[in-house]
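Student: Would you mind keeping the following structure in view while I ask a few things?
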Amino acid sequence: MGKAILLVDDAAFMRMMIKDILTKNGYDVVGEAENGFKAIEKFKELSPDLVIMDITMPEMDGIQAVKAIREVNGDAKIIMCSAMGQQAMVIEAIQSGARDFIVKPFQADRILESVKKVIG
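The numbering used here applies: residue -9 is where the sequence shown begins, and numbers increase by one.
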């Protein structure tokens, strides 16, 4: 069975794109969320192997959500996504517990490389 992944992005087309790349490569996308609050709920409910999360979202951003998820599970594996030019946020995300980050717009092989690096 593929590794269970939770996708978090406020843009449905981004979730769809990432889901397509992951499922074609044997990963199991077990849930999706459009903001940090929903991400935390889904994380508690699904206990995924990995969370791929956008930084910039309404209601609760990815940085706050990473901190909250890491409080639920200190070993949570999270990869952050961010648009170009958000280096400060990327650094903050890593300091908050994210394992890696992907810069948008991203290539399929970069997503897969990051996922393999973090969860094998």
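C-beta: ideal position from N, C-alpha, C; glycine also. Note that the structure is predicted; figures quoted are calculated from it, not measured.
From the DSSP secondary-structure annotation, give me the bridge partner or partners of ILE53.
Tutor: According to DSSP, which records beta bridges pairwise, ILE53 is partnered with nothing at all.
Student: Here's a check: name, in chain order, each residue in its chain whose Cβ is nearer than 7 Å to the Cβ of LYS9, leaving out the five neighbours to either side.
Tutor: Closer than 7 Å at Cβ, skipping near neighbours: LEU(-3) and VAL19.
Student: DSSP three-state call for GLY186: helix, strand or coil?
Tutor: Lying outside -9 to 110, the shown extent of the chain, residue 186 is not represented and no answer is given.
Student: Checking 7 Å against the spacing of the C-beta atoms, do LYS32 and GLY16 come in under that value?
Tutor: No. Outside cutoff.
Student: Can the beta-carbon of ILE92 be found closer than 7 Å to that of ILE59?
Tutor: It is not a contact, given that the beta carbons lie outside the stated cut-off.
Student: What are the start and end residues of the alpha helix (DSSP H) that includes LYS107?
Tutor: It spans 98 to 109 - the alpha helix (DSSP H) in which LYS107 sits, taken as one unbroken run.
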